[in-house]
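Data first, discussion second: the structure below is written as structure tokens.
Protein chains: 2
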Amino acid sequence: MSTEKSASEKDSTANQSAGISVGTGLLPLLPMLYIAWADGILTPSELATIQEKLQAQPWLLPEEKKQLRGWLDPASPPSTTELMAWLKIIRRAGRQVGTESRQSLAELGLQIARLGSDDRSQRCTTDQACTALAEVEEALGVSGKEATAELLGLEYAEKEPQETSFEVDRMQLLLDGEFREIREKVKRLLSDPVFKYQYGLPKEEYRELVLEWCRALAQQGLGSLSYPKAQDGADNLGEFIAAFETIAFHDLSLSIKFGVQYGLFGGSILNLGTASHHESYLRQVGTLELPGCFAMTELGHGSNVRDIETVARYDKETQEFVVHTPAESARKDYIGNAATHGLLATVFAQLEIDAERYGVHAFLVPIRDSSGAALPGVRIADCGEKMGLNGVDNGRLWFDNVRIPRDNLLNRFANVSPEGNYTSPIASPSQRFFTMLGTLVGGRVSIAASALSASKSALTIAISYAAHRRQFGPVDQPETILLDYPSHCRRLLPLLANAYALDFAQKHLSDLYTNRTADNARQVEVFAAGLKAVSSWNATATIQACREACGGKGYLAENRFAALKADSDIFATFEGDNTVLLQLVAKGLLTDLKQEFNEMKFLGLLKFMSQSATTAISELNPVITRKTDQEHLRDPEFHTAAFRYREHRLLLTAARRIKRRISEGMDSYAAFIDCQEHLIKLALAHVERVVLEQFNSGLAEVTDANLSTVLVRLRDLYALARIEADKGWFLENGYMEGGKSKAIRGQVDLLCSELRCDAVALVASFGIREQLLGAPIARA
Amino acid sequence: MSTEKSASEKDSTANQSAGISVGTGLLPLLPMLYIAWADGILTPSELATIQEKLQAQPWLLPEEKKQLRGWLDPASPPSTTELMAWLKIIRRAGRQVGTESRQSLAELGLQIARLGSDDRSQRCTTDQACTALAEVEEALGVSGKEATAELLGLEYAEKEPQETSFEVDRMQLLLDGEFREIREKVKRLLSDPVFKYQYGLPKEEYRELVLEWCRALAQQGLGSLSYPKAQDGADNLGEFIAAFETIAFHDLSLSIKFGVQYGLFGGSILNLGTASHHESYLRQVGTLELPGCFAMTELGHGSNVRDIETVARYDKETQEFVVHTPAESARKDYIGNAATHGLLATVFAQLEIDAERYGVHAFLVPIRDSSGAALPGVRIADCGEKMGLNGVDNGRLWFDNVRIPRDNLLNRFANVSPEGNYTSPIASPSQRFFTMLGTLVGGRVSIAASALSASKSALTIAISYAAHRRQFGPVDQPETILLDYPSHCRRLLPLLANAYALDFAQKHLSDLYTNRTADNARQVEVFAAGLKAVSSWNATATIQACREACGGKGYLAENRFAALKADSDIFATFEGDNTVLLQLVAKGLLTDLKQEFNEMKFLGLLKFMSQSATTAISELNPVITRKTDQEHLRDPEFHTAAFRYREHRLLLTAARRIKRRISEGMDSYAAFIDCQEHLIKLALAHVERVVLEQFNSGLAEVTDANLSTVLVRLRDLYALARIEADKGWFLENGYMEGGKSKAIRGQVDLLCSELRCDAVALVASFGIREQLLGAPIARA
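Protein chains in written order, with numbering that gives the first Met the number 0: chain L, 0 to 779; chain F, 0 to 779.
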């Protein structure tokens, strides 16, 4: 490249650097040529366009045109040294020119050229030159303003931080609700250094640590909250569930061990046993003096409890039950507290009297002596390493004709007289079975609650981190805060809305459960099953999204996602596999439907329904299906109508599909199985509808206007994001048109941006103390 | 209840059990009343209907009507003893009646009554009685055939097992492809007892085990497969990738350690260094004598490599580079091999000469002496426990003015002369940066491959298990095999189709990568980024679904999901965060679009595009959008057209949205960020289109007709399940109507059932040996 200087340039220092000089006439081109070459994106045709345009300009001297040709030769582009030199010239000049020059690269170039006060400087900054340069800039497709900022190293003022719109304390009061005191108590306890997280412990040590934690909680009376006062309990099931929900902000192994001991094992004695069982056992269960197991699941029989194989045969002679494992598939499996700590087990077995089977019943079977050795006839094995929850000692149990006294039958719902006469206050074996399984409902309520707590922990970590972590950003500005990326909000805030929605639904479920009666028992059971499934899957999705949102830091054990993810994974399976539970929900809805119309014959009913489904479709109003204004899209009546329509239509079409199969000769079991996916979808639609309605009910009671405003946004986001997620269904069934579904997407975007300023306060309102949260990345 | 006997019953034993006798006239009713009460679902109005209907029947004696009234009193339903007695009567009689009686409960009842040979038996089985009973049965809504089976304890013949439609060996040959030999070699090696899985190891032991495994692989020449023959390598990049892909059937810590050492660290020397570096280091890298690190990521700079802060300042006096960590955010973080084993590190740092910055370059920095002690100026820390991959020793590095010789600059793309003159064959700093980052492309190709392998392992375990595990089922039949549940197939088989589709796409990517040229480098980079994102997210979804499909057994460490899930989780983040990579893909597509139209000015182009998008919509043909016949839905041209249309439209609308924002005054960075979600969707649509096309290309070369048939089904399932998953978009944009999207759902159902018989063979064709698979539940 030429380094000789033309006469007209001698008085200018603006166009020299590192021994490289640039002709004055070329100065106006320098910024855009630098940007073009530095990005390395000049295509041959772009180069040709520029050549043609510029070579025609009268203000360029022949030697400048020659230099330019050199610069625009794709075979030998400017060298690194040359580009660096250009940049220095531009930056040096940039400091001297005004801010108005920053509007475009051409304008910046012209200003640089004007710094020279001689004739040449004037001649090459004429209007004609300006027009030509602007055209070149457009042809290059480089956008001016930010490119000049890049060139000059300018700094922009950052976005004003926005203020939170509500008081965190008040929101927390609202979320804590009726059981605020016990929640605070649990949090205070768990903030004690004794409960500090430890990562990477071998499972043996981890199990002992969790046992000690469990005992520490029992010492504070938390174990026996739901037990009768006569056994030193508080007779307060609501408090027990709230305590469990709060413990789930901490290590989930602790929650599950706590739940196994005081909820499942103790609960089986409380709910299936009678006064003498309560008096004999509950006190020691509540203090953890008597660690125990809830031995229902068998290797071959997970969800299908009715078909378990363990037998409890009544021996009239000795007035004992003989508990026996008849086959390997009948071994009790995945039993919490079994591998190491349990002394007594509630064992579910087929009751047999005089070779006659009476179905599944629960028996108390001692499995270890006080030294921890297995009792005669009992074989125990360790389930070993698990994906998570390694602080819980899951094990296997086999019984070889183990004899227990007749009194060890938990006999609230069925009794066997010394002579071997079977009696039960519930005549129907199937009703009796489901009543006994009712103990599982408490487990499902608790798992739904702890899945929600795990989601809240994950959201608190990811949103707190996103509020201070920066990555990428516009040139020469501080990197952008993650939460200022719309896509980051889009990923996290609908999950935050889910957590709020589920919070209201969970309170509703706990209320229903703690105040349940014989009349609404089935309703509670159905909703517990549904919410457990929805809440656990939501936890899986939330924790995953939050982990990914924290990048590599989210992968470190200290930041909690490892444990949250691995521990909560099994929530989708235990206390009932989610897909099985959702089919239970669907069955419940079909039964309700049948009862609703129980004046008609079943087939008549189905005929009626098929008509009614058709009618509902034809009634869809095009004005509504096309409505896209914000007022409509944020109208709770629109949300409720959409959720109800979906559920109702799925219910009617499910009934119709099943009926058609039956009338074609399928048996109803096969017909049901054939429609499984449909039924699962129905169940999910049902749960989402109830969740939305509970969110609305909760909202109706909020008096603080600021809380109300932000909660309405969350409700709108929950409703619209759920509709958006299922837009395929709504569009397919003509409930809305494409324009409307696009408008809903726009509203979800908008709601995410409206909630951006409150995101940190909304997770702070979950009130998870720093000690419980762990996760150093959550702290700025 | 009355136990007295009427005269007419004395000669019958059919209606007595356990001291309870049933009037002959009531016998026909017994089966349906038993079923109704045993299920416990008789509503008051049902009871009223039955009462009304039956009390009017002339064939019932007054005392029988009285007994019936007692049975139908909801206030005192039949006792357990009574129900048990009924059941015995029914079963005893059932053994004597023919199979035709099993059609309905009424028919069964009538047959039981007919067993008595007296007048009464005849009188209560008249046609009139038959009709009345059938009506009652219908009113009760109890379906006959299966209820009778339940009552009588009948056994059904099980479904015929279906035959596999193709030969597994041939399919495996096809999948193994060009690199069959190396794949077999790796599998043989990994089947050695040395490589037996060990669960629950403390991380220190686990790291040493994985190091030993890595060394064992190196001893077989696997480490240096891609290195020049001059350095004892095989100069075969394709084999290296195939080996890596196969290793990923085993412990993923091993894959990643292997990849860090031989791929990233060795690859950086190979690709960024020159002959003297190759000669000095590659041999010992390939044998693991020289364990090393690839130190790019910093605490504050994960995805955004351009802004890393570590500095390498050139000191002319001593002709050394001085490597320094200027701030905590600049510490090297998550660096594999750093915590324990690495001796040398390829450190990425900002090159500085004479206070001038030249951008990111790579330097070889010794970090430990041969005794394992950190060298002066180098500080090393352990990242500690991670969610997974705890067999890899990730660590942190800080440099305090560490001096290295000038030769330690990996100088293929830039050199610094002894005097401090900087030269580079690539003038554009941004092109140089991306060329150097090209080393990451190999990492992405490998991660995509190992994510696919992890998916295949998960599918093999879950499908093998589902083929023999039974749970629930019709009454009195063997429980149903999981894979015979349509919903189970629905959950797993589309993921199996994904694995096959990605297999073809992965081969394409490996080919592209190993044969890349300067001309297609960017294309390869874009596809590697896209496939890595899609394949890693697909692995997350697949492993999760497979774990849940295996219930509690899937949660035990021995069944592999724990490790697969935790280890592969980070695939979404490392070697580039998926959302960042997908934006890279979208940027690439936008650039291509620009170049395609590079004769026009950019704005003109955008105008053109907005028109073209509009045109495309108006051209949608209602005949096509409504077409629902199978021939059309399984026509590969329909699939390709749909995938292309989606990608094209998303591309044009993305360009238009960005343009509108720019023309409204946003800078292009902000405009791009504002459309992030749209761009990610575009990128995903692009990758899915390429995957589909690669599936089709692969299919075109298959000559075995049986393989072809099953692969066509998998291709159809892949294409239709992806369209179904995105039906919201296709419906929203008028590409199909509701009827068509429902028909697609039907086809997906049908394809799943067609593929059911081949599912086990299709996973067997992945050829994962038992020793590599682990997972006892995969064995029947």
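Every residue gets a Cβ at the ideal spot worked out from N, C-alpha and C, and that includes glycine.
Neighbourhood of residue i by C-beta distance below 8 Å, restricted to the same chain and skipping five residues each side
i       : result
D666(L) : none
F257(F) : C213, L216, L221, G222, F243 and I246
Y33(L)  : L82, W85, L86, I89 and L150
L53(F)  : L28, L59, K64, L67, A131 and V135
D314(L) : F320, V321 and R402
R405(F) : Y313, Q318, E319, F320, V415 and P417
Sequence-distant residues of its chain with Cβ nearer than 6 Å to residue i (five each side left out)
i       : result
A684(F) : R645, E646 and L649
Q582(L) : L678
N270(F) : T438
G265(L) : V284
Y155(L) : Any answer about Y155(L) is weak, because its pLDDT of 41 lies below 50 and its placement is not dependable; what the coordinates show is given next. For Y155(L), where only same-chain residues beyond five positions count, the Cβ hits under 6 Å are Q476.
Presumed contact (8 Å Cβ cut-off) between residue i and residue j, rounded CB distance
i       : j       : result
G115(L) : Q66(L)  : Not really, about 17 Å apart at Cβ, beyond 8 Å.
W212(F) : L253(F) : 5 Å
T624(F) : G733(F) : 7 Å
G387(L) : A562(L) : 7 Å
G780(L) : V440(L) : This structure cannot speak to residue 780(L), because chain L is shown only from 0 to 779.
A556(F) : K385(L) : 6 Å
R206(L) : G390(L) : 6 Å
L451(L) : S534(L) : 5 Å
L716(F) : L492(F) : 7 Å
N410(F) : T273(F) : 6 Å
I240(L) : S445(L) : 6 Å
Q594(L) : Q746(L) : So it is not a contact: roughly 38 Å between Cβ atoms.
A774(F) : R559(F) : 5 Å
Q260(L) : P227(L) : The Cβ separation is near 17 Å, so there is no contact.
L107(F) : T147(F) : 5 Å
Own chain partners of residue i with C-beta closer than 7 Å, once the 5 adjacent residues on each side are dropped
i       : result
Y333(L) : T296, C382 and N393
A777(F) : T459, I460, S463 and Y464
Q219(L) : L188
C-beta neighbour in chain C for residue i, strict 8 Å
i       : result
T708(L) : Absent from the structure: chain C. Protein chains present are L and F.
**OP:** Output the residue ranges of the alpha helix (DSSP H) runs that lie fully inside the stretch 663 to 734 of chain L and measure 4 residues or longer, sorted by chain position.
**Re:** 667 to 673, 675 to 699, 704 to 724 and 726 to 731
Original post:
Should the stretch 526 to 546 of chain F be regarded as contacting the stretch 354 to 365 of chain L, the criterion being three or more beta carbon pairs within less than 8 Å?
Top reply: Because the criterion of three Cβ pairs below 8 Å is not met, the stretch 526 to 546 of chain F and the stretch 354 to 365 of chain L do not touch.
Subject >> Selection of the stretch 561 to 575 of chain F by Cβ proximity to chain L, strictly under 8 Å >> reply: Cβ contacts with chain L come from A561, K564, A565, D568, I569, A571, T572 and F573.
Original post:
Three or more C-beta pairs closer than 8 Å, one from the stretch 308 to 317 of chain F and one from the stretch 337 to 349 of chain F: is that the case here?
Top reply: A contact exists between the stretch 308 to 317 of chain F and the stretch 337 to 349 of chain F.
Original post:
Is the stretch 411 to 426 of chain L touching the stretch 504 to 520 of chain L, taking contact as three or more C-beta pairs under 8 Å?
Top reply: Pairwise C-beta distances place the stretch 411 to 426 of chain L out of contact with the stretch 504 to 520 of chain L, as fewer than three of them are shorter than 8 Å.
Original post:
Looking at C-beta atoms only, is the number of pairs between the stretch 719 to 738 of chain L and the stretch 716 to 727 of chain F that lie closer than 8 Å three or more?
Top reply: yes
Subject >> Members of the stretch 670 to 689 of chain L near chain F, C-beta cut-off 8 Å >> reply: I672, D673, Q675, E676 and I679
Subject >> Residues within the stretch 357 to 391 of chain F neighbouring chain L, beta-carbon criterion of under 7 Å >> reply: Here the close residues are C382, G383, E384, K385 and M386.
Subject >> Those runs of the beta strand (DSSP E) which lie wholly inside the stretch 485 to 545 of chain F and span at least 3 residues >> reply: none
Original post:
Which of the residues in the stretch 543 to 558 of chain F, read from start to end, lie with their CB under 8 Å from any CB of chain L?
Top reply: Q543, R546, E547, G550, G551, G553, Y554, L555, A556 and E557
Original post:
Three or more beta-carbon pairs under 8 Å between the stretch 746 to 755 of chain L and the stretch 479 to 493 of chain L, yes or no?
Top reply: yes
**OP:** Using a Cβ-Cβ cut-off of less than 7 Å, list which residues of the stretch 82 to 96 of chain F approach chain L; keep chain order.
**Re:** L82
Subject >> Under 7 Å (Cβ pairs) to chain L, residues found in the stretch 731 to 760 of chain F >> reply: Listed by position along the chain: E731, N732, G733, G737, S740 and K741.
**OP:** Closer than 9 Å, Cβ to Cβ, to anything on chain L: give me those residues from the stretch 411 to 442 of chain F, in chain order.
**Re:** A413, N420, Y421, T422, S423, I425, A426, S427, P428, S429, Q430, R431 and F433
**OP:** State whether the stretch 181 to 195 of chain F contacts the stretch 372 to 381 of chain F, with contact taken as three or more CB pairs (one from each stretch) at a distance under 8 Å.
**Re:** no
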